[in-house]
Structure formats: C-alpha cells, structure tokens
Amino acid sequence: MISVLVVDDSVVVRRLIVDALTGLPDIRVVGTAANGRIALAKVDQLTPDVVTMDIEMPEMDGISAVRALRRSHRMLPIIMFSTLSSAGAAATLDALAAGATDYVTKPANVGSVAASIQAVREQLVPRMRALAGRGGRSAPPTRTRTPFTSPAARPTAGPVTRPVRTTPPRNRIDVITIGASTGGPDALAKVIGALPADLDVPVVVVQHMPPVFTRMFAERLNRMAGLRVVEAEDDMPINPGVVYIAPGDRHLEVTQRGTSRVTRLTDAPPENSCRPAVDVLFRSVNRVYGASSLALILTGMGHDGRRGCETLHAAGAEVIAQDEASSVVWGMPGAVVEAGLAHTVLPLAEIGTYLNTRMTAGRQARPKVVTR
Numbered sequence: 221m222i223s224v225l226v227v228d229d230s231v232v233v234r235r236l237i238v239d240a241l242t243g244l245p246d247i248r249v250v251g252t253a254a255n256g257r258i259a260l261a262k263v264d265q266l267t268p269d270v271v272t273m274d275i276e277m278p279e280m281d282g283i284s285a286v287r288a289l290r291r292s293h294r295m296l297p298i299i300m301f302s303t304l305s306s307a308g309a310a311a312t313l314d315a316l317a318a319g320a321t322d323y324v325t326k327p328a329n330v331g332s333v334a335a336s337i338q339a340v341r342e343q344l345v346p347r348m349r350a351l352a353g354r355g356g357r358s359a360p361p362t363r364t365r366t367p368f369t370s371p372a373a374r375p376t377a378g379p380v381t382r383p384v385r386t387t388p389p390r391n392r393i394d395v396i397t398i399g400a401s402t403g404g405p406d407a408l409a410k411v412i413g414a415l416p417a418d419l420d421v422p423v424v425v426v427q428h429m430p431p432v433f434t435r436m437f438a439e440r441l442n443r444m445a446g447l448r449v450v451e452a453e454d455d456m457p458i459n460p461g462v463v464y465i466a467p468g469d470r471h472l473e474v475t476q477r478g479t480s481r482v483t484r485l486t487d488a489p490p491e492n493s494c495r496p497a498v499d500v501l502f503r504s505v506n507r508v509y510g511a512s513s514l515a516l517i518l519t520g521m522g523h524d525g526r527r528g529c530e531t532l533h534a535a536g537a538e539v540i541a542q543d544e545a546s547s548v549v550w551g552m553p554g555a556v557v558e559a560g561l562a563h564t565v566l567p568l569a570e571i572g573t574y575l576n577t578r579m580t581a582g583r584q585a586r587p588k589v590v591t592r
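Heads up: the sequence shown begins at 221 in my numbering, then just goes up one per residue.
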C-alpha cells in the first residue's frame, strides 16, 4: 500500500486530490496539510511514501518545504501540483531545482468535478506507483548536484546497475538525439552542461513536458550550458552546437529539405500516450541521419523511445541508456536495455564524459574538407 500526504492550502484542491486517490486498492491518503510547515510535522508523524505539494501556500510555501524535507528526507518522492502557466512553470522548475521529484499540472477547463478528478487521477497514480517502486523501476539517483537541480529522491533502492559496454558502432556522429521523461530535467542539465561549447553537431531532444514548461526549461538550460538551447519552432535550420527542445504538445521531427536539415512540428496523434514522443523524433532522425546518429535514453516512465531505438539500432546507429541506479524511474532506459538495444549503459555522471570522448573520435572519422 502506497501512503500519501496531500499538501495544499486550498480545501477544494485537497478534496479533489483525496477523491482522485480514494478507492484505489494500492494507494491510501494518510493525511493532509494546509501549508509546508504543517507538512513537515506530518511527514515525521505519518512517514508517507509519497507527498503531493502545492507551490503557493501561506506560512511556508512548497519550494521552501521541499528544501526543508530534502535536508531530512532525501529519499521521499515529492510531486509538485502546478498551474499550467508561465508563473506555474517557472515555480515548478524552481521546485525541481530545490529537490522535488516530479510534478503534475492542475486541471483547467475540464468541464466538471468528475472530469477534474479523473484528470488528476490519470496524472498522479502512474507517477506514485513508479516513484514508490510499485508500477515501474525506481532507484536513488547519483548524489552529484548541478546548477539546475539537486537530486530527486525515491523511497526504495533498486539494484545498482554496473556500467555495461558492448561493442558500439564507431561511425562518425552527425547528430545526438535524446529522450527523457520523469527525472529528465536534472539528467538533461547534467548531460547538456557537460557538452563542450564548440560541439560540432546538433542535439535534438524530447523531454516529456507540457506547453510553456518546455520553453521555460529551454531558457534555463540556455543560461547554464555552454551550448545554445532553444525550444524548437517549425522550419528551424538544424545547426551544429545548438540544442533543440521539442515544445510541449507538439511532435518534433527532423526532415531533409534539399541540402538542408530543418525541424518539423506536427500535431499528429500522441504515441505511447505522449506528445511530443521520443519514438517520433528518433524515427525521423533515422530517416535523415541513419547510422551517423547517436541516441541517448535517459530516466523516465514507460517505454517511449524503445521502438525508435530499434529503428536506429538496425540502421547501425549507436544507442546509449542511463543505468538503473542513477535513474529516477528506469522505465524508458530499462525498456531499451531489456530489448538488447543499448550498446552502452552508463551512470548519469559518466554520460557527459563518454559523449565528449565519443565526439572526439567521431571528429577523426569525418572526412576532411579541402578548401582551395
């Protein structure tokens, strides 16, 4: 049974979350709190497996409460409850930086109380099961801090996955493509922050996030990384040294236009219940770059990216997966590893170094351009 503490200053929202979780066979709400200060006391008293946390509250707001909880409860999953707005996105990213594990968005314009309850249930329940280790692998991440966020936390520790290296392709690399979900903001900050400012290939990324959040996330990465990081727009030229983040609720593809490569955004149906979807991006990368692609699957729930990795692997591209011990949830990378598609399985802290080494080798494999 997964025990949950619900923290929100709104009686209506607290009731909404409690109702969304009532009646589930494996989840029970053990308490509620109207602000962060009360929540700190109730966490010690009730020892919940998961906490849902509002951001704006009197006496002690959610971000301050997260910081305080992280000092004494490093392994406790904290899911922020955020509004789908610029202010809500910024505050949520601040909460992740303070150590929150994940977030969901408050329902808006869904039409009825029943629809709101269903929307909350659909977002919260899979995360709770995965983060509490009941519905997907989860394990403590590395303890290394980055400028973007402190380590997320989980209550259970999975087996330590040792670095695995098969014999990866040694093709030249013309593009790096990355897929991530739960825990991805922290993981992407580490990986992209480790890439050199003179990187001579583009990086295209799907991070499962809603609209507005992806733009704010790209802006934050752009401030902290040596590379230029942008939220992708339709028909943008794909240039070396630029990181393109898929916008929320749009699929991102790479397409060839004459001798140029450009981004393409679509409103095609979700895949793996996701839009943007990693599989959509990876398939398009394979069509344009083929064996000269390097695909990286980071922490996340579900299996989005597995089919795309199948396509890239079959074409001769290199596939890297984050290991279980450093993943917030080892769903996406675990699916790729279990399918035998990962040439290399690495802890998060080692991925940046590996990419830098691999790109140096890739440069040597590129044909030299002779100018007259």
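Using N, Cα and C, we set each Cβ at its ideal position, and we do this for glycine too.
Determine the contact status of M456 and T434, defining contact as a CB-CB distance below 7 Å. no
Do you know how far the Cα of P567 is from the Cα of K410? 11 Å
Measuring only the C-alpha atoms, how far is R388 from T564? In the sequence as presented, Arg is not what sits at residue 388; that position holds Pro. If you take the alpha carbons of P388 and T564, they lie about 7 Å apart.
When you compare only the Cα positions, how much space is there between A452 and K262? 43 Å
By a C-beta neighbour count over all protein chains shown, 10 Å radius and 16 as the cutoff for buried, is G520 buried or exposed? buried
Determine, using beta carbons only, whether P388 comes closer than 7 Å to chain C. Judged by its chain identifiers, the structure shown contains no chain C, having just a single protein chain.
Please classify D322: does DSSP put it in a helix, a strand, or coil? strand
Let me confirm a value: A328 is counted as buried when at least 16 other C-beta atoms fall within 10 Å, else exposed. Which label applies? exposed
Give me, in chain order, the residues of the same chain whose beta-carbon lies closer than 7 Å to that of A417; leave out the 5 immediate sequence neighbours on both sides. G446 and L447
I'd like to confirm the pairing. Which residues does DSSP put opposite R484 in its beta bridges? E473
Grab the span of the alpha helix (DSSP H) containing I337 for me, first residue to last. V333 to L351
Kindly indicate which residue of L472, R349, T580 and R257 has the alpha-carbon position closest to the one of P245. R349
Just the Cα atoms here: how many angstroms apart are I222 and S292? 20 Å
With a 10 Å radius around its C-beta and 16 neighbouring C-beta atoms as the bar for buried, classify V232 as buried or exposed. exposed
According to the neighbour-count rule (16 or more other Cβ atoms, all chains shown, within 10 Å of its Cβ), is M444 buried or exposed? exposed
Beta-carbon proximity of A254 to V286, cut-off 7 Å: no
Mind checking N459: buried by the 16 CB within 10 Å criterion, or exposed? exposed
Option nearest I517 by Cα separation, candidates R503, S493, D543 and C494: D543
D274 - DSSP class collapsed to helix/strand/coil: strand
Cβ pair D499, D469 closer than 7 Å: no
Would you say R526 and V556 are within 7 Å of each other, going by their C-beta atoms? yes
Measure the C-alpha to C-alpha separation of M436 and A309 and round it to an integer number of angstroms. 7 Å
Span separating the alpha-carbon of T303 from that of T573: 36 Å
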